[in-house]
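Protein chains in written order, with this note's numbering: chain A, 2 to 115; chain B, 7 to 125. The C-beta atom is built at its ideal place from N, Cα and C for all residues, glycine as well. Since the structure is predicted, the reported quantities are computational estimates derived from the model, not experimental observations.
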């Protein structure tokens, strides 16, 4: 089954404690991205990756890092989480240039930073 | 920069009735894609329908159809024969198409419309 998986699905942590949210897709997609969703703001892109070892900032990258060492994985790293990073996070992937351009979303990760 | 506006924060409709959700966008691009995503209480993002800007024909998917007005930069979603399972947050989204035919990949979302279908 074609899918995007994220782990963990729920996480409660404290300010300053480094954490990683993993994202994996099994569709051989080149393009992957991270979004955060906040009430009244919709979804906003954090970072994206066009392919292995190619990443770039989205609209709200401050406080986040990413890496793309393998095509299937695109982890989101919070080096020193703060309460304003409490949010719902989505990973998404697409086969850019294939003509479909539909983004497939993971199930989301609910993060609470105390 | 592109922006997407959904002017209806909340809407409700009776089961089996028809409802239209509004979306307008602002862009200087000529080639792009537009999407409607559904987010039920489970929080999963589910693609409802997509429209390529170069296509004049409005997209349809079963009970869902769009009214795409490129000159007016309007992209409304019509849900016919509304069902209780249609209760969800609906997001309109824009994605720029880059030169080689692919997409830039950055979805620009509106703030969403919360739709409630009442029995």
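Assuming residue 113 of chain B contacts residue 94 of chain B (C-beta within less than 8 Å), just tell me the rounded distance between them. Not confirmed; about 18 Å, so no contact.
Since residue 16 of chain A contacts residue 62 of chain A with CB under 8 Å, what's their CB separation in whole angstroms? Not really, about 19 Å apart at Cβ, beyond 8 Å.
Count the C-beta pairs between the stretch 32-39 of chain A and the stretch 49-59 of chain A that are closer than 8 Å, then say yes if the count reaches three, no if not. yes
Is the Cβ-Cβ distance between residue 70 of chain B and residue 54 of chain B less than 7 Å? yes
Measuring only the C-alpha atoms, how far is residue 27 of chain B from residue 48 of chain B? 21 Å
Please classify residue 39 of chain A: does DSSP put it in a helix, a strand, or coil? strand
Pairing CB atoms from the stretch 74-93 of chain B with CB atoms from the stretch 18-36 of chain B, are three or more of them under 8 Å? yes
Residue 37 of chain B and residue 103 of chain B - do their beta-carbons sit closer together than 7 Å? yes
Please report whether the beta-carbon of residue 108 of chain A lies at a distance below 7 Å from any beta-carbon of chain B. yes
Alpha carbon to alpha carbon, how far is residue 93 of chain A from residue 96 of chain B? Give it in angstroms, no decimals. 17 Å
Which of helix, strand or coil DSSP assigns to residue 79 of chain A: strand
Indicate the three-state DSSP secondary structure (helix, strand or coil) for residue 32 of chain B in the structure shown. strand
Within-7 Å CB hit, residue 4 of chain A to chain B: no
Enumerate in chain order the residues of its own chain whose CB-to-CB distance from residue 108 of chain A is below 7 Å, with the five nearest sequence positions on each side excluded. 7, 10
Counting only the same chain and skipping the five closest in sequence on each side, list residues whose C-beta sits under 6 Å from that of residue 23 of chain A. 8, 76
Secondary structure of residue 130 of chain A, DSSP reduced to three states: There is simply no residue 130 of chain A to check, as chain A begins at 2 and stops at 115 in what is shown.
For chain B, find out if any of its Cβ atoms is closer than 7 Å to the Cβ of residue 113 of chain A; answer yes or no. no
Closer than 7 Å by C-beta to residue 10 of chain B: which residues in its own chain qualify, once you throw out the five before and the five after it? Chain order, please. 29, 31, 98, 99, 100, 114, 115, 116
Where do the ends of the beta strand (DSSP E) carrying residue 110 of chain A lie? 110-114
Rounded C-alpha distance that separates residue 5 of chain A from residue 25 of chain A: 6 Å
On a Cα-Cα basis, can you pick out the residue from B:118, B:78, B:123 that is closest to residue 34 of chain B? B:78
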